[in-house]
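When we follow the working numbering, the leftmost residue of the sequence shown carries the number 9, and every step to the right adds one.
Glycine included, C-beta positions come from ideal geometry on N, C-alpha and C.
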Amino acid sequence: MPLESARPLWASRLGFILAAAGSAVGLGNIWKFPYIAGQNGGGAFVLVYLACIVVVGLPIMMAELMIGRHTRRDAVGAFRQLAGRRSPWLAAGWVSIAAAFLILSYYSVVAGWTLDYVLLSLTGSFTGQSAPAIEALFASLIGSGGRQIAWHLLFMLLCLGIVVGGVQKGIERWSKILMPVLFFLLALLFVNGLLSRGAWEGFVFLFRPDFHRLTWGAVLEAMGHAFFTLSLGMAAMITYGSYLKRSEDLLSASLRVVLLDTVIALMAGLAIFSIVFSVGMTPAGGPGLVFKTIPVVFSQLAGGPFLAIVFFLLLAFAALTSAISLLEAQVAYLIDERGWGRRQATCTLAALAFVVGIPTALSYNLLADWQLIGERSFFDSADLVASNYLLPLSGLLIAIYVGWFWSGTEEKEELIAGGAGWVYPLWHLLIRFVSPLAVAIVLLFKVRETGLFSWLLSFF
Ligand code: PHE
Numbered sequence: 009m010p011l012e013s014a015r016p017l018w019a020s021r022l023g024f025i026l027a028a029a030g031s032a033v034g035l036g037n038i039w040k041f042p043y044i045a046g047q048n049g050g051g052a053f054v055l056v057y058l059a060c061i062v063v064v065g066l067p068i069m070m071a072e073l074m075i076g077r078h079t080r081r082d083a084v085g086a087f088r089q090l091a092g093r094r095s096p097w098l099a100a101g102w103v104s105i106a107a108a109f110l111i112l113s114y115y116s117v118v119a120g121w122t123l124d125y126v127l128l129s130l131t132g133s134f135t136g137q138s139a140p141a142i143e144a145l146f147a148s149l150i151g152s153g154g155r156q157i158a159w160h161l162l163f164m165l166l167c168l169g170i171v172v173g174g175v176q177k178g179i180e181r182w183s184k185i186l187m188p189v190l191f192f193l194l195a196l197l198f199v200n201g202l203l204s205r206g207a208w209e210g211f212v213f214l215f216r217p218d219f220h221r222l223t224w225g226a227v228l229e230a231m232g233h234a235f236f237t238l239s240l241g242m243a244a245m246i247t248y249g250s251y252l253k254r255s256e257d258l259l260s261a262s263l264r265v266v267l268l269d270t271v272i273a274l275m276a277g278l279a280i281f282s283i284v285f286s287v288g289m290t291p292a293g294g295p296g297l298v299f300k301t302i303p304v305v306f307s308q309l310a311g312g313p314f315l316a317i318v319f320f321l322l323l324a325f326a327a328l329t330s331a332i333s334l335l336e337a338q339v340a341y342l343i344d345e346r347g348w349g350r351r352q353a354t355c356t357l358a359a360l361a362f363v364v365g366i367p368t369a370l371s372y373n374l375l376a377d378w379q380l381i382g383e384r385s386f387f388d389s390a391d392l393v394a395s396n397y398l399l400p401l402s403g404l405l406i407a408i409y410v411g412w413f414w415s416g417t418e419e420k421e422e423l424i425a426g427g428a429g430w431v432y433p434l435w436h437l438l439i440r441f442v443s444p445l446a447v448a449i450v451l452l453f454k455v456r457e458t459g460l461f462s463w464l465l466s467f468f
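In C-alpha cells form, the structure reads like this:
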C-alpha cells in the first residue's frame, strides 16, 4: 500500500524513547507531582503513585503503543481500522483527540508562564526582593491578559515550528536536543538540592510513608496523575506508537519511558523539597509552589539567580516536548484521515489551539467573573473536563477494547514481534481486569466529586 510506505517512522529507537519520554515528562512531573505529593503527605502517596504507574499506567501505555503500531494510524483512524467504520469504539479515538486539543490550549498558556519566568529570572527580578514582592509578580502576570496571550502565542509558535518539521526532522531531532538538556538542568538542581541543608528533610518527606495521612482522595489523585503524567488517554502514545518499527520490543521501550518519567518526577520532587526545607519554608504550597514559593526560595539562596534560570528553563523545555506530542496527535488525524498536508494541518491546529487558549489566559483578569462549570473559570473548566473526564474515559475505553474486544492473536503478534511475547499473560490480566476497574473507579469518583451530574441536571 503506498500510503503505508509514505508514512514516517522514527529513525532510531533512542529517538522514539526520547520523544515519548519528552511527551510524558512535562509540567505534570515538575510542577504537579511535587505539590500533590506535598499535599497528600509525601511517602505513602508516592508509594501508591508508583503502584498505579506499574499496574495501570504501564499496561495502558503498552496498549496504546500496540494499537498505534499495529494500525499505523492516528487515534481515530486506528479504531476505524480495528473496529470498523461505524463502530462505537471510534469514540475512544475521538475522546482522546478532543482531550489532546483541549489540554494543548491551556497547557500552552501555563507553558507561557514558564517562559515569562525564564525572562524574569534572566533579568534578576527575584534578587534582593521580599517574599510578598516576589509573590506579587505572579499576581501581576496572571492579572495581565495581554502578557499571557503574548507568551502563549510564542509558545504555540515554538510547537508549530517543531511539529511542522515532521516526525524525524522535527519531533525526533528536537527531542534529541531538548531531552538531554532537560536532564542536565535537572541534574544541576538535583545536586544542588542534595548539597543543601534541607536534603535529608526533603528525602524523609518524599519517602517516609505516613499512612495516616493517606486518604481515599489521595489514592484517586495518585491514579489520575499516573495517567496524566504518562500522557495516556490523549492520543499521544497511539500516535507515537504508530511511527514505531515493528522490530522494537514494546515492553522494554515502554519500561524505559515509564522509568524516565518516574525518575525525573522523583528527582524534581527531591530537588524542590530539599531547597524549600533548606530555607525553612513548607512545601504544601498548592499550585503556587512553582511560581511563588520557588522564586522566594531562590531569592534567599546563594547562587539563586542562576538556579532560577535553570529551573524555569527546565520547566519550559519539559512543557515544550509534551505540547508537541499533543499537537502531533491531532496533526496525524488530519493527515491520515483527511489527507491534509503536514504544513496546513499543523498551522490550522496550532491557530485553533491558540484561539481556544485565549479565554484561559483571560481567566484571572478580564473573564474572572465568567463561570462555566460549577463555579469554575474557563481554565478550570477546561482542565476539569479534559483531565478528569476525557482522559479517564478514553483510557477506560482503550483498556476495555484492548482487553476484551481486540483479537488476542494480533495483540500477541505485536508483543512477539519485538521479543516480548512472554509478558503477554501478565499484561493481558492487567489490561483486562485491573486497569479498567481502576480507571472506572477514578472516573466515577471524579464525576461524583466534581458535581458533573448536578451541573447537568441543573439544565432541566
Ligand atoms: N505528560 C505530561 C505531563 O506530565 C502532560 C501531557 C499530557 C503531555 C498529555 C502530553 C499529553 O505534564
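Close beta carbons around residue i, own chain, < 6 Å, minus the five adjacent residues each side
i	result
Ala425	Arg254
Leu370	Gly153
Tyr125	Phe320
Pro217	Gly51, Ala52 and Leu55
Residue i CB to nearest heavy atom of the ligand PHE below 7 Å
i	result
Asn396	no
Close beta carbons around residue i, own chain, < 7 Å, minus the five adjacent residues each side
i	result
Val305	Ile283, Val284, Val287 and Met289
Ala106	Leu398
Pro367	Leu375 and Phe386
Pro16	Gly174, Val175, Gln176 and Tyr251
Leu11	Confidence in Leu11 is poor, its pLDDT being 47 and thus under 50, which makes the residue's placement too unreliable to answer from.
Leu278	Phe198, Gly201, Gly210, Phe211 and Leu214
Val171	Gly178, Ile179, Ile332, Leu335, Glu336, Val339 and Thr354
Phe453	Leu228
Ala273	Asn37, Phe41 and Thr237
Ala144	none
Sequence-distant residues of the same chain with beta carbon closer than 8 Å to residue i, five excluded per side
i	result
Gly459	Gly382
Ala19	Gln176 and Glu180
Val63	Leu438, Val442, Ser443 and Ala446
Arg351	Val172
Contact check, residue i vs residue j, beta carbons under 8 Å
i	j	result
Ala394	Ser443	no
Val410	Ile449	no
Gly101	Leu240	no
Leu521	Pro400	The chain is shown from 9 up to 468; residue 521 falls before or after that span and cannot be answered.
Leu322	Leu186	no
Met242	Ser389	no
Thr247	Ala337	yes
Val84	Leu73	no
Gly6	Asn373	As shown, the chain starts at 9 and ends at 468. That puts residue 6 outside it, with no answer to give.
Cys60	Met245	no
Ile38	Ala276	yes
Gly1	Leu423	Look at the range of the chain in this structure, 9 to 468, and you will see that residue 1 is not part of it.
Ser148	Ile317	no
Gly365	Val117	yes
Phe41	His233	yes
Gly249	Arg94	no
Ile68	Ala86	no
Phe24	Ala261	yes
Ser482	Ile142	Residue 482 falls outside the range modelled here, since the chain spans only 9 to 468, and no answer is possible.
Gly65	Phe235	yes
Cβ distance (whole Å) where residue i is taken to contact residue j below 8 Å
i	j	result
Ala27	Glu180	6 Å
Ala226	Leu35	Not a contact, Cβ separation roughly 20 Å.
Val431	Leu268	That belief does not hold up - the Cβ atoms of Val431 and Leu268 are roughly 19 Å apart, past 8 Å.
Trp159	Leu123	5 Å
Asp377	Tyr114	Actually they do not touch by this definition, with Cβ atoms about 19 Å apart.
Interface flag, residue i vs chain C, CB-CB below 8 Å
i	result
Ile366	In the displayed structure, chain C is absent; only one protein chain is listed.
Any heavy atom of the ligand PHE within less than 6 Å of residue CB: hits in chain order
Answer in sequence order: Ser31, Ala32, Gly34, Leu35, Gly36, Asn37, Ile111, Phe236, Thr237, Ser239, Met242, Ala244, Ser330, Ser333 and Leu334.
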